[in-house]
Amino acid sequence: MTVPTKPTSSAQADALGALGADLHAPVIDWFEENARDLPWRRAEAGSWGVMVSEFMLQQTPVNRVLPVYEQWLARWPRPADLAAEAPGEAVRAWGRLGYPRRALRLHGAAVAITERHGGDVPAEHAQLLALPGIGEYTAAAVASFAYGQRHAVLDTNVRRVFARAASGVQYPPNATTAAERKLARALLPDDERTASLWAAASMELGALICTAKNESCVRCPIASRCAWRLAGKPAHEGPPRRGQTYAGTDRQVRGRLLAVLREAVAPVPQSVLDRVWEEPVQRARALDGLVADGLAEPLAGGLYRLPLA
DNA sequence: TAGCCGTGGAG
DNA sequence: TCTCCAAGGCT
1 MTVPTKPTSS AQADALGALG ADLHAPVIDW FEENARDLPW RRAEAGSWGV MVSEFMLQQT
61 PVNRVLPVYE QWLARWPRPA DLAAEAPGEA VRAWGRLGYP RRALRLHGAA VAITERHGGD
121 VPAEHAQLLA LPGIGEYTAA AVASFAYGQR HAVLDTNVRR VFARAASGVQ YPPNATTAAE
181 RKLARALLPD DERTASLWAA ASMELGALIC TAKNESCVRC PIASRCAWRL AGKPAHEGPP
241 RRGQTYAGTD RQVRGRLLAV LREAVAPVPQ SVLDRVWEEP VQRARALDGL VADGLAEPLA
301 GGLYRLPLA
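In terms of full-length UniProt numbering, the first sequence has 15 at position 15, counting the first letter as 1, and numbering is strictly consecutive.
(1) Tell me which same chain residues have a C-beta within less than 6 Å of the C-beta of residue 310, skipping the five on either side of it?
(2) How many whole angstroms separate the CB atoms of arginine 131 and alanine 112, which I take to be in contact at a CB cut-off of 8 Å?
(3) Just reading off the alpha helix (DSSP H) that glutamate 136 is part of, what are its end residues?
(4) Look up leucine 305 in the DSSP assignment and give the residues it is bridged to.
(5) Are there three or more Cβ pairs, one per stretch, closer than 8 Å when the region 187 to 204 is compared with the region 14 to 24?
(6) Give the single residue among Glu215, Ala15, Ala200 whose Cα lies nearest to the Cα of phenylalanine 145.
(7) Could you name the residues of the same chain whose beta carbon sits closer than 6 Å to that of leucine 129, not counting the 5 residues immediately before and after it, in chain order?
(8) Evaluate arginine 275 with the Cβ neighbour count: other Cβ atoms within 10 Å of its Cβ, from every protein chain shown; 16 or more gives buried, anything less gives exposed.
(9) Three or more beta-carbon pairs under 8 Å between the region 210 to 227 and the region 159 to 167, yes or no?
(10) Three-state secondary structure (DSSP) at proline 269?
(11) Quick one, are the C-beta atoms of proline 173 and arginine 160 less than 7 Å apart?
(12) Would you kindly check if the distance between the Cβ of proline 298 and the Cβ of valine 291 is under 7 Å?
(13) Could you tell me the distance, in whole angstroms, from the CA atom of glycine 46 to the CA atom of tryptophan 40?
(14) Use the C-beta contact count for histidine 107: other C-beta atoms within 10 angstroms, 16 or more gives buried, fewer gives exposed.
(15) How would you call arginine 116, buried or exposed, if buried means at least 16 neighbouring beta carbons within 10 angstroms?
(16) Give me, in chain order, the residues of the same chain whose beta-carbon lies closer than 7 Å to that of residue 322; leave out the 5 immediate sequence neighbours on both sides.
(17) Quick one: what does DSSP say residue 314 is sitting in, helix, strand or coil?
(18) In this structure, how does DSSP classify histidine 117 when only helix, strand and coil are distinguished?
(19) Does the contact criterion of 3 or more C-beta pairs under 8 Å hold for the region 25 to 38 versus the region 196 to 211?
(20) Going by CA-CA distance only, name the one from Leu16, Gly294, Asn63, Glu70 that's closest to arginine 42.
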């Protein structure tokens, strides 16, 4: 007598399991034929290379990450190498990738790895999650891509693929829902090897084929099973997905201020920073924000620089 | 949890 | 020109 291993007897869960089984092979086969040759996918990248790439790829396109990634790994081939530097050097090397707090967090993660993990990127999901700048997605991605573990890796690409293929809608919800996590787990292959391939493959499918706009169903390996396509590709319903305005925001001002600090070799006088933005209240708020975030360091005499510690 | 946090390319 | 979007995390 075999005892059921599934915690639920839900027919829906069984149906999803069956759907997953139908999708795995075509998506993984497609991936092995069409995957981009990205440096962090090569064996030589190692777990540190994978982790660095994941930080840089948070909200930043692959093409822009590539050159910075190469320089970063050449300069800091191990976590301890980065940990030995001032955090401001990480911010400087980050260049114009955007969201420079990621650079600070990556530096902080390198310090923590050096202090708590003997200089090796931890393999356990919980330990990864405890590092600064690593959330649910990145922890799963590093554990899966660097260590071949079985995790539901839910990024914006995968969420879109699942929304379409399984749920039959054009776009996933704004924020990741419990239902999405459940779906991702239900679709996850049982064995580690296949699961980690599936994670990378489903993500690549979303990045290259099942894109947000101008999706290419004719090249999609699971078009014949896609619920959204079979339903006639109905347009997104509900509230418009909020767009981010940028011009005139504090973010723009912060960006300008930090650009000056990044390019300066010596501490910068307040008067120089003042030139980047006309409106004084917003300008001051932005600068204060950078200091509060640890991205800028105020010195005596109204001077500012990237953080030394 | 909704809002904040950069930047630049594509259509 | 303008809108949308790109391997999220944090509070």
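Cβ atoms here follow ideal geometry from the backbone N, Cα and C, with glycine treated the same way.
In this text, all values refer to a predicted model and were calculated from it rather than measured experimentally.
Walking through what the data contain:
(1) In the structure as shown, the chain begins at 1 and stops at 309. Residue 310 is therefore absent and cannot be evaluated.
(2) The amino acid at residue 131 is misidentified as arginine; the sequence shows leucine. Between alanine 112 and leucine 131 the Cβ distance is about 5 Å, and since that is below 8 Å, they are a contact.
(3) Counting along the chain, the alpha helix (DSSP H) containing glutamate 136 begins and ends at 136 to 145.
(4) It is arginine, not leucine, that sits at residue 305 in the sequence shown. According to DSSP, which records beta bridges pairwise, arginine 305 is partnered with Glu297.
(5) With three or more CB-CB distances shorter than 8 Å, the region 187 to 204 counts as touching the region 14 to 24.
(6) Looking at Glu215, Ala15, Ala200, the one whose alpha-carbon comes closest to that of phenylalanine 145 is Ala200.
(7) The answer, listed in chain order, is Ala139.
(8) So arginine 275 counts as exposed.
(9) The region 210 to 227 is in contact with the region 159 to 167.
(10) Reduced to three states, the DSSP call for proline 269 is strand.
(11) For the 7 Å CB-CB criterion, proline 173 and arginine 160 do not form a contact.
(12) Between valine 291 and proline 298, the gap from beta carbon to beta carbon is short of 7 Å.
(13) Approximately 8 Å between the Cα atoms of the pair.
(14) Histidine 107 is buried by the Cβ-count criterion.
(15) Around the beta-carbon of arginine 116, fewer than 16 other beta-carbon atoms lie within 10 Å, marking it exposed.
(16) With the chain running from 1 to 309 in the structure shown, residue 322 is simply not present.
(17) The structure shown does not extend to residue 314, since the chain spans only 1 to 309, so no value can be given for it.
(18) Here histidine 117 sits in coil by DSSP.
(19) Contact holds: three or more Cβ-Cβ distances are below 8 Å.
(20) Taking the Cα of arginine 42 as reference, the smallest distance to any Cα among Leu16, Gly294, Asn63, Glu70 is reached at Glu70.
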